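Each step along the sequence shown adds one to the number in the numbering used here, with nothing skipped, and position 9 is 36. Here's the structure, in structure tokens; my notes come after.
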Amino acid sequence: MTTEDFDSLVPQRSFSRRDFVGTAVGSGFAAAVLPVSAQTITTDTQGLDAGPVTVPVGDFKMPAYAARPAGKKNAPVVLVISEIFGVHEHIADVARRFAKQGYLAVAPDLFVRQGDAKSVSDIARLMSEIISKVPDEQVLRDLDATVAWAKAQGGNTGHLGITGFCWGGRITWLYAAHNPSVKAGVAWYGRLQGSSTPLTPKHPIDLVGQLKAPVLGLYGGQDGGIPVSSVAAMQEALQQGSAAAKASEFVVYKDAGHAFHADYRPSYRAEAAKDGWARCLAWFKQHGV
């Protein structure tokens, strides 16, 4: 994320801190995004089994939020990967939206070993003290464990999809290159290029030859951190990649900036968000999720 992206966090509406800062995964909003926008969407739990769960990763117990249609067996599985703010109420709401469509949706707290992303009120400190210390290898292992948990809960991981936002958008590309069980991914404005570091050795553009599932990229034409030139470079690289890479597609919303799906922030653009959501669901159906 860049300074331009952070500018989208300017508060629009006041709420009490008690209303929004929760301790359980999937509850409350991250301190760094308070107060939330008046446009915030709320999806109820009627007809759903939804709430915090625990995913075992070896001896570690990873918090997550899961939602599924009540009583439904063998539901297809969608992994929901958060932005840098962790699994707060918006990500839980997205999971419930998928559950209303018949999916078992699971949003794991992938930062929890490094700290509580929801509790840090300063975005620069959140990035430096928590997010920048999260290794890609750890994330991929945690997602493998999440898939195993979903299968053990009766989810149909033969129909597995993944979607993520911002930080989670990048991870969506990475996981689609990592796990051959993934049928499709939908990456919302995830970074495509970057420098190689010990914790982030490869980025999506470096993995086009290894992509195992087609990814739909939903990006903003006015994104200050992910310029359209980066999208163009990725599109060119995909054509030299695997069969799944060649089947991947982009939609660029020319008037939208970063985080246009985030209805709890001023960056939200309803038209682009609604179109992107419809395309996300259609992409999953098209590719067997």
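For each residue, glycine too, the CB sits at the ideal point set by N, CA and C. The model shown is predicted, which means the values in this text are computed figures rather than measured ones.
Within the same chain, show all residues whose beta-carbon is closer than 8 Å to that of residue i, passing over the 5 residues directly before and after it, in chain order.
i: residue 209; result: 187, 188, 189, 202, 203, 239, 240
i: residue 332; result: A query on residue 332 cannot be resolved here, the shown segment of the chain reaching from 28 to 316 and no further.
i: residue 273; result: 265, 266
Quick one: using the 10 Å Cβ neighbour count with 16 as the cut-off for buried, is residue i buried or exposed?
i: residue 98; result: exposed
i: residue 87; result: exposed
i: residue 307; result: buried
i: residue 71; result: exposed
i: residue 211; result: buried
i: residue 136; result: buried
i: residue 64; result: buried
i: residue 119; result: buried
i: residue 46; result: Unreliable positioning characterises residue 46 in this predicted model, as indicated by a pLDDT of 37, which lies under 50. A coordinate reading is not provided.
i: residue 185; result: exposed
i: residue 67; result: buried
i: residue 275; result: buried
i: residue 103; result: buried
i: residue 271; result: buried
i: residue 199; result: buried
i: residue 164; result: exposed
i: residue 290; result: buried
Excluding the five sequence neighbours on either side, which residues of its own chain have a C-beta within less than 6 Å of the C-beta of residue i, listed in chain order?
i: residue 176; result: 82
i: residue 132; result: 94, 105, 107, 122, 125, 126
i: residue 261; result: 219, 232
i: residue 215; result: 192, 196, 245, 288
i: residue 194; result: 110, 111
i: residue 38; result: Any answer about residue 38 is weak, because its pLDDT of 36 lies below 50 and its placement is not dependable; what the coordinates show is given next. Result list for residue 38: 62, in chain order.
i: residue 31; result: Residue confidence is low: residue 31 scores 40 on pLDDT, short of 50, so the model does not pin down where it sits. Its coordinate-derived value is still stated next. Once the five neighbours on either side are set aside, the close Cβ partners of residue 31 are 251.
i: residue 181; result: 100
Leaving out five residues on either side along the sequence, give the residues of the same chain with a beta carbon under 7 Å from the beta carbon of residue i.
i: residue 2; result: The structure shown does not extend to residue 2, since the chain is modelled only from 28 through 316, so no value can be given for it.
i: residue 52; result: 79, 90, 91, 92, 114, 136
i: residue 153; result: 59, 111, 144, 147
i: residue 49; result: In this predicted model, residue 49 has a pLDDT of only 42, less than 50, meaning its place in the structure is not dependable; the value taken from the coordinates is given anyway. Taken in chain order, the residues that qualify are 55.
i: residue 139; result: 89, 90
Three-state secondary structure (DSSP) at residue i?
i: residue 298; result: helix
i: residue 112; result: coil
i: residue 79; result: strand
i: residue 235; result: helix
i: residue 201; result: helix
i: residue 131; result: strand
i: residue 118; result: helix
i: residue 195; result: helix
i: residue 158; result: helix
i: residue 222; result: coil
i: residue 144; result: helix
i: residue 259; result: helix
i: residue 13; result: Residue coverage of the chain in this structure runs from 28 to 316, which leaves residue 13 outside it and unanswerable.
i: residue 63; result: coil
i: residue 292; result: coil
Name, in chain order, the residues that DSSP records as bridge partners for residue i.
i: residue 189; result: 106, 212
i: residue 95; result: 76
i: residue 279; result: 246
i: residue 89; result: 82
i: residue 183; result: 103
i: residue 167; result: According to DSSP, which records beta bridges pairwise, residue 167 is partnered with nothing at all.
Within 9 Å (strictly less), CB to CB, does residue i reach chain B?
i: residue 169; result: Structure shown: chain B not included; a single protein chain is present.
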